[in-house]
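Listed in order, the protein sequences are those of chains A and B. Going by numbering that gives the first Met the number 0, the first sequence runs without a break in its numbering and finishes at 237. Going by numbering that gives the first Met the number 0, the second sequence runs without a break in its numbering and finishes at 237. Input: a single structure, listed below in structure tokens.
Protein chains: 2
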Amino acid sequence: MTKHHVKGWQAIQDEVLRRIHAREWPPGHVIPNEVDLAQEFGCARATVNRALRALAEEGLLDRRRKAGTRVALHPVTRATVDISVIRQEIEERGQHYDYRLLACDTASPPAPVRATLGAGPALHVTALHSGDGAPYVFEDRWISLKTTPDARGADFTGISANEWLLAHAPYTHGDIAFSAEAASAQDASLLNTAEGAPLFVVSRTTWDHDCAVTAVRLAYAPGYRIHTRIGAQSDSAG
Amino acid sequence: MTKHHVKGWQAIQDEVLRRIHAREWPPGHVIPNEVDLAQEFGCARATVNRALRALAEEGLLDRRRKAGTRVALHPVTRATVDISVIRQEIEERGQHYDYRLLACDTASPPAPVRATLGAGPALHVTALHSGDGAPYVFEDRWISLKTTPDARGADFTGISANEWLLAHAPYTHGDIAFSAEAASAQDASLLNTAEGAPLFVVSRTTWDHDCAVTAVRLAYAPGYRIHTRIGAQSDSAG
DNA sequence: GATGTCATTATGTCTAGACATAATAATTGC
DNA sequence: GCAATTATTATGTCTAGACATAATGACATC
């Protein structure tokens with residue numbers, strides 16, 4: 000009813016956020032429709048739509064045609080993790096980046112890799128990325144030579160496979176998994192830790208349409224953690 | 000120049016994506032401005048804006064006023080991880096959810112927790128969540144009684160602190176870290192594994208404006224992995 | 001040469017109105 | 001009563017035009 004006459008869709012978002020947070024609109028509550036809100040805020044419906052859509056994308060609101068907009072009942076915490084190039088990741092910590100190629104052979108990948116990468120010939124590249132001389136992450140990668148034949152002639156001593164692929168092999172979608180693994184003998188010796196030590200491992204596979212491009216296992220040195228913030232938005236604590 | 004006359008902003012997004020992917024617009028390339036693209040696609044500028052803005056939010060395009068829009072040079076892989084309520088997480092795996100409260104005391108939190116949660120009195124809640132009888136995750140939580148005094152009277156035997164807070168304690172923002180830790184003696188006995196075993200650990204702290212609400216450490220049973228897809232969009236493989 | 005102003009440019013956002021679409025509610029026919 | 005049809009409703013999207021804003025480049029000034 001009150002005309003707030005705020006300016007911009009962000010101000011509307013803030014006000015909606017405030018009401019959710021203040022439990023004026025508790026979880027599950029159906030909020031007024033866009034036309035009513037537009038009138039209340041003294042703006043066009045498109046502006047309200049912009050604000051509500053953004054909140055829905057963040058998982059805070061559930062929107063369904065005809066049914067209306069309601070405050071999310073199971074506010075799924077949506078954490079966005081930015082994964083950059085390893086060199087960049089190390090340099091952002093203010094450390095000197097160092098890279099060492101360990102091996103690079105054409106081989107037939109083991110069964111678990113072959114399951115995702117396909118049966119064709121593949122390039123097996125292993126490398127160690129270091130920060131200020133200390134081992135940072137061990138990269139164990141398989142590149143499909145069927146999808147990316149150019150990789151055969153690439154020289155991974157100067158540029159990491161990580162970055163070479165960035166520049167030469169596009170992909171359409173991928174698949175990431177985070178897990179904790181016990182360090183193998185190889186992991187341990189490379190990362191300068193004990194066998195069996197808990198390592199943070201990122202496993203990634205990328206596809207170009209239907210063809211798998213590369214599968215990589217990144218084993219980080221002990222102490223590594225991925226850190227991210229959730230929301231300047233609101234939900235409920237859980 | 001060619002009029003494609005596609006329908007909808009998603010079709011425009013697809014076409015832009017195709018050009019990026021086909022290296023017609025390589026990384027770093029400045030793409031035509033919105034007005035020109037709108038003319039090419041035979042639509043309003045707002046529609047082009049919608050498509051490009053979505054791609055920029057995904058990290059694929061860099062947009063700056065006046066400078067124009069260019070294909071991202073360092074395509075940061077942006078993985079969004081959805082973290083739901085533990086009960087839901089287990090039930091989605093088709094398992095029977097079981098919850099057991101281990102302890103619930105008012106105490107002064109240890110230094111590392113106190114650093115984030117503040118010096119006031121806090122409730123220490125520990126619990127074990129299981130799926131089909133097998134231990135799934137060990138929850139070790141501190142709740143600030145200054146921020147959430149109601150927690151003192153709550154009964155966490157029937158409902159987990161995880162879910163109680165969802166319903167009673169709103170938050171504005173938070174902080175998540177994923178790491179790999181060696182199982183402590185307590186972790187090991189509860190999760191039915193060996194001491195020193197690699198565990199996937201999620202550490203989360205949430206705030207309500209300036210006041211910390213709760214800090215929790217979730218130690219998952221061995222084998223746990225967080226899994227997510229990246230992009231139906233395009234980038235480069237890395 | 002260094003600095004400050006102004007015009008230009010591309011994106012950012014807003015408006016008012018329109019049609020599309022999906023899901024629900026009401027109504028009709030059997 | 002039950003099923004099929006129709007109306008209603010709220011969101012989804014698009015349009016054409018407008019002004020705002022930030023960054024750049026050109027020009028003028030010191």
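We put the CB at the ideal spot given by N, CA and C, even for glycine.
Practice item. Could you spell out where the alpha helix (DSSP H) holding V112 (chain A) opens and where it closes? Key: 110–116
Review point. Residues of chain A with CB under 9 Å from Q38 (chain B), in chain order?
Key: The premise fails here: Q38 (chain B) is roughly 22 Å from chain A at the closest Cβ pair, so nothing lies under 9 Å.
Check your understanding: Helix, strand or coil: which one does DSSP assign to L217 (chain A)?
Key -> strand
Review point. Does the Cβ-Cβ distance between L59 (chain B) and A45 (chain B) come in under 7 Å?
Key: no
Exercise for review: Use the C-beta contact count for E138 (chain B): other C-beta atoms within 10 angstroms, 16 or more gives buried, fewer gives exposed.
Suggested key: The Cβ neighbour count for E138 (chain B), taken over all protein chains shown within 10 Å, is at least 16; the residue is labelled buried.
Check your understanding: Roughly how many whole angstroms lie between the Cα atoms of G7 (chain B) and S83 (chain B)?
Key -> 32 Å
Practice item. Pull out every residue of the stretch 171–196 of chain B whose Cβ sits closer than 9 Å to any Cβ of chain A, in chain order. Key: Within the stretch 171–196 of chain B, the qualifying residues are T171, H172, G173, D174, I175, A176, F177, S178, A179, E180, A181, A182, G195, A196.
Point to revise | Start and end residues, alpha helix (DSSP H) containing T146 (chain B) | key: First-last for T146 (chain B): undefined, no H or E at that position.
Review point. Quick one: Cα of L101 (chain B) to Cα of L127 (chain B), how far?
Key: 7 Å
Review point. Below 7 Å between beta carbons: does that hold for E143 (chain A) and A121 (chain A)?
Key: First, the residue type needs correcting, since residue 143 (chain A) is Ser and not Glu in the sequence shown. It is a contact, given that the beta carbons lie within the stated cut-off.
Point to revise | beta strand (DSSP E) segment containing L101 (chain B), residue limits | key: 96–106
Review point. In the structure shown, what three-state DSSP assignment does L51 (chain A) receive?
Key: helix
Exercise for review: Could you tell me whether any Cβ in chain A is nearer than 7 Å to the Cβ of S83 (chain B)?
Suggested key: yes
Point to revise | Where H123 (chain A) sits in the DSSP three-state scheme | key: strand
**Study point:** Contact with chain B by R86 (chain A), beta-carbon distance below 7 Å
**Key:** no
Practice item. Compute the Euclidean distance between the alpha carbons of N32 (chain B) and R64 (chain B), then round it to the nearest angstrom. Key: 11 Å
Check your understanding: Under the DSSP definition of a beta bridge, which residues are partnered with A193 (chain B)?
Key -> Answer by DSSP bridge pairing: none, since A193 (chain B) is not bridged.
Check your understanding: What number of angstroms, rounded off, separates the C-alpha of E56 (chain A) from the C-alpha of A193 (chain A)?
Key -> Answer to the nearest angstrom: the Cα atoms are 43 Å apart.
Check your understanding: Is the CB of T146 (chain A) under 7 Å away from at least one CB in chain B?
Key -> Judged by the 7 Å Cβ criterion, T146 (chain A) is not in contact with chain B.
Review point. Taking Cβ positions, are L36 (chain B) and V47 (chain B) nearer each other than 7 Å?
Key: yes
Review point. Since R228 (chain B) meets chain A, which of its residues come closer than 8 Å, beta carbon to beta carbon?
Key: H172, G173, D174, I175
Check your understanding: What residues in its chain sit with their C-beta under 6 Å from that of H172 (chain A), if we drop five residues either side in the sequence?
Key -> W206
Check your understanding: According to DSSP, which residues form a beta bridge with H226 (chain B)?
Key -> A:A176
Practice item. Can you say whether D186 (chain A) is buried or exposed, counting buried as having 16 or more other CB atoms within 10 angstroms of its CB? Key: buried
Exercise for review: Give a yes or no on whether 7 Å exceeds the smallest Cβ distance from I11 (chain B) to chain A.
Suggested key: Look at I11 (chain B): its C-beta is not under 7 Å from any C-beta on chain A.
Check your understanding: So with Cβ pairs under 7 Å, would you call L72 (chain A) a contact of chain B?
Key -> no
Review point. With a CB to CB cut of under 7 Å and the five nearest residues on each side skipped, what residues in its chain are close to A150 (chain B)?
Key: L122, I142, L144
Exercise for review: Classify Q9 (chain A) as buried or exposed, calling it buried when 16 or more other Cβ atoms lie within 10 Å of its own Cβ.
Suggested key: exposed
Point to revise | Residues near K2 (chain B) by beta carbon distance below 6 Å, same chain, minus five either side | key: Because the pLDDT of K2 (chain B) is 43, which lies under 50, any placement of that residue in the model is unreliable, and the number read from its coordinates should be weighed accordingly. Same-chain partners within the cutoff: G41.
Review point. Around the C-beta of R216 (chain A), are 16 or more other C-beta atoms found within 10 angstroms, so that it is buried, or is it exposed?
Key: Buried, since its Cβ has 16 or more Cβ neighbours within 10 Å.
**Study point:** Nearest candidate by alpha-carbon position, reference D131 (chain B), set B:E180, B:D104, B:H95
**Key:** B:H95
Exercise for review: For R77 (chain A), go through chain B and note every residue whose CB falls closer than 8 Å to its CB, in chain order.
Suggested key: What R77 (chain A) touches in chain B: T79, V80, D81, I82.
Review point. For A211 (chain A), which option in A:P26, A:E90, A:R77, A:G119 has the closest C-alpha, if you only look at C-alpha atoms?
Key: A:G119
Check your understanding: Which stretch, first to last residue, makes up the beta strand (DSSP E) that contains V84 (chain A)?
Key -> Counting along the chain, V84 (chain A) falls outside any beta strand (DSSP E), and DSSP gives it neither H nor E.
Practice item. Determine the DSSP secondary structure at H128 (chain A), reduced to helix, strand or coil. Key: strand
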